[in-house]
Amino acid sequence: MSKLIPFLCILFLFSCGHSQSDTANAPPLQKDTVSAAVPQKDTAVNIFLDTVNAISNRTAELTNKEVEDLLHAKYFTAAEFKVTPRQNVTGKLKIYSVQVTGDLPTAQPTEYTFIDVRETHLQFLLPIEFNQLYEIEGRIMIGGIYTSREYEYYSVYELGSYMNVIFTTNIPGRERIVTGYFKDDECIDYIPDRLRFQFNRQTNDILFTGNARRYCQEGRDRAKNDKVIESITLKLVFHYKNSTWELDKKKSHYFAW
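When you line the sequence shown up against mature numbering (1 follows the signal peptide of the UniProt record, and there is no 0), it's residues -24 to -1, 1 to 233, in that order.
Right under this line is the structure:
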């Protein structure tokens, strides 16, 4: 046993020296070269914020299949969805509609917008259904419908190194302006369910029109045989002025409820 102890000590010292040598010769860790705007693999992608960061920074122009693969890997990991090209601004950006199919929670939106920005090589996913591209005063803005259960609201995002909400009709703590309502058995019924949309390029006005039918007084539930007791004309005019979108109260007529 006394002869074995010196041998074990020599073996231990040799092993430690060999391990340190391997560590010293190991290649250095590569620095992360991904843009700070792009979340890492293990970071959850949260697009339901006022500021939406890029979900990737692919430099090559993407095919439809590559867009689908990217969304599947980064966001819709367990959902079926369909990608449809909507608008192409040559050399600047491509806009795609994304429709999620299958059984989803009631509060989960089914319509999204994917933006592939060619100038900066950044890709974004927005929680809106795209309906209008705005190019005003050198600014690029994406407008669309945001759905929350039976309600719809309108939001506009500005394009930059990230997508920032610069206008929405659903601001917490303020009077909400509903641009779509999809319940047909309550006291209020929208005709049509989604208000008609129009954009005037000459005046930079966004226009929503329709009607709200009232079937019962406030505080009462609607009965099956209730008739229309009031029909209210809805007209919403949002004007771009001083670098922001504002409700033109003089031209608008809205029934808040």
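For glycine and all other residues, C-beta sits at the position ideal for the given N, C-alpha and C. All values derive from a computational prediction rather than experimental measurement.
- Sequence-distant Cβ neighbours of K211 in its own chain, meaning closer than 8 Å and more than five residues away, are L183, F184, T185, K227, S228, H229, Y230.
- Annotated as proximal: L69 and R94, with beta-carbon spacing under 8 Å.
- Collapsing the DSSP output to three states places K227 in coil.
- Residue pairing by DSSP places Y110 opposite M117 in a beta bridge.
- Contact annotation: G156 and I112 have beta-carbon atoms that are not nearer than 8 Å.
- Within its own chain, the residues whose Cβ lies closer than 8 Å to the Cβ of A83, once the five positions on either side in sequence are excluded, are S124, R125, listed in chain order.
- Of the other Cβ atoms in all chains shown, fewer than 16 fall within 10 Å of the Cβ of L25; this residue is therefore exposed.
- Apart from the 5 residues on each side of it in sequence, M117 sits with its Cβ closer than 6 Å to the Cβ of Y110, V132, E134 in its chain, given in chain order.
- Looking at the backbone, the Cα of R172 and that of F57 are separated by about 26 Å.
- Within 10 angstroms of the beta-carbon of P168 lie fewer than 16 other beta-carbons, which makes it exposed.
- If you draw a straight line from the Cα of A49 to the Cα of E42, it is about 11 Å long.
- Excluding sequence positions up to five before and after V141, its CB lies within less than 7 Å of the CB of D26, S131, Y133, all in the same chain and listed in chain order.
- For A49, no beta strand (DSSP E) encloses it; the enclosing alpha helix (DSSP H) starts and ends at 40 to 50.
- Rounded to the nearest whole angstrom, the C-alpha separation of Q75 and C163 is 30 Å.
- Around the beta carbon of I153, 16 or more other beta carbons lie within 10 angstroms, which makes this residue buried.
- A distance below 7 Å between beta-carbons, with the five flanking residues on each side excluded, links R198 to the following residues of its chain, in chain order: D161, E162, C163, Y191, C192.
- Cβ-Cβ distances below 6 Å link E44 to V59 in the same chain, with the five nearest sequence neighbours on each side left out; the list follows chain order.
- Judged by DSSP secondary structure, I208 falls within the beta strand (DSSP E) whose first and last residues are 206 to 217.
- The DSSP-derived three-state label of A83 is coil.
- The beta carbon of D224 is closer than 8 Å to those of D181, V213, F214, H215 in its chain, skipping five residues each way along the sequence.
- I205 counts as exposed, since fewer than 16 other C-beta atoms from the protein chains shown sit within 10 angstroms of its C-beta.
- Inter-residue distance for Y88 and P148 is about 22 Å (C-alpha atoms, whole angstroms).
- Between Q99 and F90, the beta carbon gap of about 7 Å places them in contact (Cβ cut-off 8 Å).
- In the structure shown, W221 adopts extended strand secondary structure according to DSSP, grouped into three states.
- A check of alpha carbon separations from A232 across N218, P85, E222, R150 identifies R150 as the nearest.
- I23 has its alpha-carbon roughly 7 Å from the corresponding atom of L101.
- Just so you know, the alpha carbons of Q178 and G119 end up roughly 17 Å apart.
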